[in-house]
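Residue numbering for the sequence shown follows my numbering, starting at 4 and increasing by one per position. Below is one structure, written out as structure tokens, with a few remarks after it.
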Amino acid sequence: MQAALTRVQAQVQAELDRAIGDLPAGDLRDAMAYAVRGGKGLRGFLVMESARLHGVPDDAALPAAAAVEALHAYSLVHDDLPAMDDDDLRRGQPTVHVKWSEATAILAGDALQTLAFQLLSDDRIGAAPSRLRLVAALARAAGAQGMVWGQALDIAAESAGVPLDLDAITELQGGKTGALIRFAATAGPLIAGDDPSALDRYADALGLAFQIADDILDVTGSEAVTGKRVGKDADAGKATFVSLLGLDGAQAEARRLVTAGIDALGGYGEAAGNLRLLARFVIERDT
């Protein structure tokens, strides 16, 4: 899987560099280019792998893979702002608002979000119905039914000062983290016009396992390896899967979810080998 992931990372980065490089020179373009570098590229990889499973050529899937990575980068830029999580380190580098300014970070995030939808209009994806399905799905995943909704629940809980219970935090993370992963994993069948239900089940399990792994890393990881501050959730008194389940319980739940996600791929046979490996990687990673 690592070779395939590395190859896709390079493809997606080149696509983003091309799209951003076409923009007018200045701080905005520089901040956008900075924000899309250095990530794991898992969402773009999910797009490309789900496309491959449904007979969609790499060239047709690549704009969608770049789109989800652009939108993910926007979410991180805004999430790091003082009004949100107030982080000064991301991917081992100063966050965008620290390196430039809050205003530039807000604008760079806005521009990355709109770039994502511009990428989904690319003719390489295929006929208009395929592109429209992707646009509608990403809008749902990113907006007030998905990622932004999850972030709003997170902020509301923090403002109220009342820790969430397990059901509430599962619902919150299903939007904040899981919705974009679900879009990425189902992009292939959406382009092809096929049934996305199996990959939807896989993505639900993967997204929650990914967040549990993040919560575990916030407790057990090191800043030098993760490239971001650790221990912030505990310091802020936030409820996490670790605080609610304990470290052993959170690790067990992550493993259970990975098994459920892998089981959902049964209909794809050996062709889904990379997605099975990705599910395991999500809970074994150290960043």
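We put the CB at the ideal spot given by N, CA and C, even for glycine.
Whole-angstrom distance between residue j and residue i, CA atom to CA atom
| i | j | result |
| --- | --- | --- |
| Pro66 | Ile128 | 7 Å |
| Trp103 | Ala227 | 23 Å |
| Ile158 | Lys43 | 26 Å |
| Leu247 | Glu287 | 21 Å |
| Gly224 | Pro132 | 44 Å |
| Arg93 | Val285 | 19 Å |
| Thr173 | Ile265 | 20 Å |
| Gly112 | Ala63 | 25 Å |
| Gly177 | Arg40 | 25 Å |
| Gly249 | His81 | 30 Å |
| Asp289 | Leu110 | 31 Å |
| Arg143 | Ala17 | 27 Å |
| Glu105 | Leu26 | 21 Å |
| Arg21 | Val11 | 15 Å |
| Gly24 | Lys231 | 27 Å |
| Asp170 | Pro85 | 28 Å |
| Ser162 | Ala36 | 33 Å |
| Gly181 | Thr189 | 12 Å |
| Phe213 | Gln148 | 20 Å |
| Ala255 | Asp168 | 18 Å |
| Gln121 | Asp197 | 23 Å |
| Asp61 | Pro97 | 33 Å |
| Gly164 | Ala130 | 49 Å |
Whole-angstrom C-beta distance between residue j and residue i, which should lie under 8 Å
| i | j | result |
| --- | --- | --- |
| Gly191 | Ala54 | 4 Å |
| Met51 | Ala73 | Not quite, the Cβ-Cβ distance comes to about 15 Å (not below 8 Å), so this is no contact. |
| Lys179 | Gly146 | Wrong, their Cβ atoms sit about 12 Å apart, outside the cutoff. |
| Ala34 | Ala108 | 7 Å |
| Ala201 | Gly270 | 6 Å |
The ligand NAP heavy atom lying under 7 Å from the CB of residue i
| i | result |
| --- | --- |
| Met35 | The ligand NAP is not part of the structure shown, which contains no ligands of any sort. |
Residue j beta carbon less than 8 Å from that of residue i
| i | j | result |
| --- | --- | --- |
| Asp236 | Thr243 | yes |
| Leu156 | Leu175 | yes |
| Ala138 | Leu123 | The residue asked about is misnamed: residue 138 is Val in this sequence, not Ala. Taking 8 Å as the Cβ cut-off, Val138 and Leu123 qualify as a contacting pair. |
| Val245 | Asp218 | yes |
| Ala275 | Leu268 | yes |
| Met4 | Leu280 | yes |
| Asp89 | Val101 | no |
| Val15 | Leu183 | no |
| Ala187 | Ile215 | no |
| Ala76 | Ala38 | yes |
| Asp83 | Val99 | yes |
| Leu31 | Ala114 | yes |
| Tyr205 | Leu135 | no |
| Pro166 | Gly240 | yes |
| Leu8 | Phe48 | yes |
| Leu57 | Ala160 | A small fix is needed here, since residue 57 is His in this sequence, not Leu. No, the pair does not count as a contact, with Cβ atoms beyond the cut-off. |
Residue environment, residue i, which counts as buried when at least 16 other CB atoms sit within 10 Å
| i | result |
| --- | --- |
| Pro199 | buried |
| Asp126 | exposed |
| Asp221 | buried |
| Arg185 | buried |
| Thr229 | buried |
| Ala282 | buried |
| Arg46 | buried |
| Gln116 | buried |
| Ala140 | buried |
| Gly272 | exposed |
Counting pairs of Cβ atoms below 8 Å between the region 255 to 267 and the region 198 to 215, do you hit three or more?
Short answer: they touch.
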